[in-house]
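Following: one structure in structure tokens, then a few remarks.
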Amino acid sequence: MANEGKGAVVLAVIGNGFLTVVKFLAFLLSGSGAMLSEAIHSFADTSNQLLLWIGIQRSERPATPNFPYGYGVERYLFALLSAIGIFVLGCGVTVYHGISNLLHPPQLHLSGWTFGVLALSFVIEGLVLLKALQSVNASRGKQPFWRFVRSSTDPTVLAVLFEDLVACLGVLVASLGLGLAAMTGDPMWDGLSSVVIGLMLGAVAVWLGLRNRELILGPAMPAELQQEVLDFLLAEESVKTVHELKTRVVAAGRFRLVAEIEYDSAVLAKQQLPWLRERLDAGGDPVTVAESFGAHCLDELAREVDRIEEALVARFPRLGWLDLESHWAGER
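For the sequence shown, our numbering assigns the number 38 to the initial residue and increments by one for each residue that follows.
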């Protein structure tokens, strides 16, 4: 998902940067509030997607002694800043300008260039949207689309997807507003379309902000995946039961797992019987053999834990940090 998300973000920055310049030129020629809203929208998208790209770059830095779990959360921090930017620049400024145009209608100077810029915008935004949708489909596999959206731990490609979905819808709304203004001679439609575009951006910003807040706090892995991990542990012969299983998101597509496991002492003891018989048959001192046997059992338990951890990572590659604790079963 990381490479897919990065590609979508880079394409979005290039596309929206180009559209920002074109739309501001169209606004200067037409005086349209809807066109200014579209220009501000593209500028906000470019700035916010640059923040997403910075977040991706910083989140991929290797772990350090001070940050042993790495910098994966920085992706969510910069995505949250991006959502705030969408709300302030995209929603706030656009709605304010739309209301201002409703209260004080400007003189519009519409031409074929205005609608040509909107058509070009729709094509470019559509290509970026298609790239983001392809990235999502490549990552979600057979998982239903909306379930993937709710459970994805990489907000960057989702941010590009929904920003450019709103961008395409915004172009249609702006075209409709300008078309009605041209046909009726009433600039109210232009201001109204600006407000609608701003409110759509606000809705996306609020959703992205709440989702990134959850990811910064560190939610558990999806319930279906957590159940698969639990079933895998319980299928191990040496595992008697799992008393507690905790997981949390540490980075995009990476999880930490802490499990409190009660190992089956009978199974582990049977595995060590050949070792014990060999030393008793050799006539070793019982006390010395017992001491060695205790140390040997601890070593074997450590090896068994390492084996289970390796098997878990092989089966679930997204588990980056494991801590399998041994549970004391009490007096026997």
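Where a beta carbon is used, it is the ideal one built from N, C-alpha and C, also for glycine.
Requested in this report: Would you identify the three-state DSSP class for Glu281, choosing helix, strand or coil?
Outcome: Strand.
Query raised in the report: Span of the beta strand (DSSP E) holding Val125?
Result: Neither: Val125 is in no beta strand (DSSP E) and is coded neither H nor E.
Requested in this report: Could you check what DSSP says for Asp268 in three-state terms: helix, strand or coil?
Outcome: In the displayed model, Asp268 falls within a helix according to three-state DSSP.
Query raised in the report: For Tyr108, does the three-state DSSP call read helix, strand or coil?
Result: Residue state, collapsed to three classes: coil.
Query raised in the report: Can at least three beta-carbon pairs, one atom from the stretch 179-196 and one from the stretch 213-230, be found at a separation below 8 Å?
Result: Cβ pair count under 8 Å is below three, so no.
Report task. Over the uninterrupted alpha helix (DSSP H) stretch that includes Ala242, give me the two end residues. Result -> For Ala242, the uninterrupted alpha helix (DSSP H) segment begins and ends at Met225 to Leu254.
Query raised in the report: Under the rule that 16 or more other beta-carbon atoms within 10 Å means buried, what is Met258, buried or exposed?
Result: Counting other Cβ atoms within 10 Å of its Cβ, Met258 reaches 16 or more and is therefore classed as buried.
Requested in this report: Using the DSSP secondary-structure output, state which residues sit across from Asp360 in a beta bridge.
Outcome: DSSP lists Val295 as partners of Asp360.
Report task. Keeping to the same chain, check which residues put their C-beta closer than 7 Å to that of Leu217; ignore five residues upstream and five downstream. Result -> Trp226.
Query raised in the report: Among Gln94, Phe61 and Gly129, which residue has its Cα nearest to the Cα of Met237?
Result: Met237 has its Cα closest to that of Gly129, out of Gln94, Phe61 and Gly129.
Query raised in the report: Taking Cβ positions, are Val186 and Val165 nearer each other than 9 Å?
Result: Cβ atoms of Val186 and Val165: not closer than 9 Å.
Requested in this report: Measure from the alpha carbon of Leu73 to the alpha carbon of each residue in Gln171, Ile234, Val266 and Gly290, then state which is nearest.
Outcome: Of the listed residues, the one whose Cα sits closest to Leu73 is Ile234.
Query raised in the report: Anyone know if the C-beta pair for Arg248 and Pro311 falls short of 9 Å?
Result: No.
Query raised in the report: Should Val241 and Ile123 be called a contact, given that it needs their Cβ atoms to be closer than 9 Å?
Result: Yes, these two residues count as a Cβ contact at 9 Å.
Report task. Pick helix, strand or coil for Ala288, following the three-state DSSP scheme. Result -> Strand.
Query raised in the report: Out of curiosity, what's the CA-to-CA distance linking Gly68 and Gly239?
Result: C-alpha separation (whole angstroms): 24 Å.
Query raised in the report: Taking Cβ positions, are Arg95 and Phe64 nearer each other than 9 Å?
Result: No, they are not a contact pair.
Query raised in the report: What whole-angstrom Cβ distance do Ala219 and Val197 have, given they're in contact under 8 Å?
Result: Not a contact, Cβ separation roughly 32 Å.
**Report entry** Bridge-paired residues (DSSP) for Val276
**Finding:** In the DSSP output, where bridge partners are listed per residue, Val276 has Tyr300.
Query raised in the report: Can you tell which of Ala351, Arg355, Asp301 and Ala348 has its C-alpha closest to the C-alpha of Cys334?
Result: Among Ala351, Arg355, Asp301 and Ala348, the Cα nearest to that of Cys334 belongs to Asp301.
Query - Reduced DSSP secondary structure (H/G/I, E/B, other) of Phe353 - result: DSSP places Phe353 outside both helix and strand once states are collapsed to three, so it counts as coil.
Requested in this report: For His364, collect the residues of the same chain with a Cβ closer than 7 Å to its Cβ; drop the 5 residues on either side in sequence, then sort them by chain order.
Outcome: So the list reads His280, Glu297, Ile298 and Glu299, once near-sequence residues are dropped.
Query raised in the report: Taking DSSP as the reference, what is the three-state secondary structure of Asn174?
Result: For Asn174, the secondary structure class from DSSP, reduced to helix, strand or coil, is helix.
Report task. Would you kindly report the start and end of the unbroken alpha helix (DSSP H) that includes Ser212? Result -> Here the alpha helix (DSSP H) through Ser212 covers Pro192 to Thr221.
Query raised in the report: Between the beta-carbon of Leu89 and the beta-carbon of Val46, is there less than 9 Å?
Result: At the C-beta level, Leu89 and Val46 come within 9 Å of one another.
Query raised in the report: Within 10 angstroms of its Cβ, does Arg112 collect 16 or more other Cβ (buried), or is it exposed?
Result: Classification of Arg112: buried, given that the 10 Å Cβ count is 16 or more.
**Report entry** Through-space distance from Val50 to Ser84, alpha-carbon basis
**Finding:** Cα to Cα, the separation comes out at about 8 Å.
Query raised in the report: When the Cα of Ser158 is compared with those of Leu209, Ala303 and Ser119, which residue comes out closest?
Result: Comparing Cα positions, the closest option is Leu209.
Query - Inter-residue Cα distance where the pair is Lys277 and Thr101 - result: Each residue's alpha carbon lies about 36 Å from the other.
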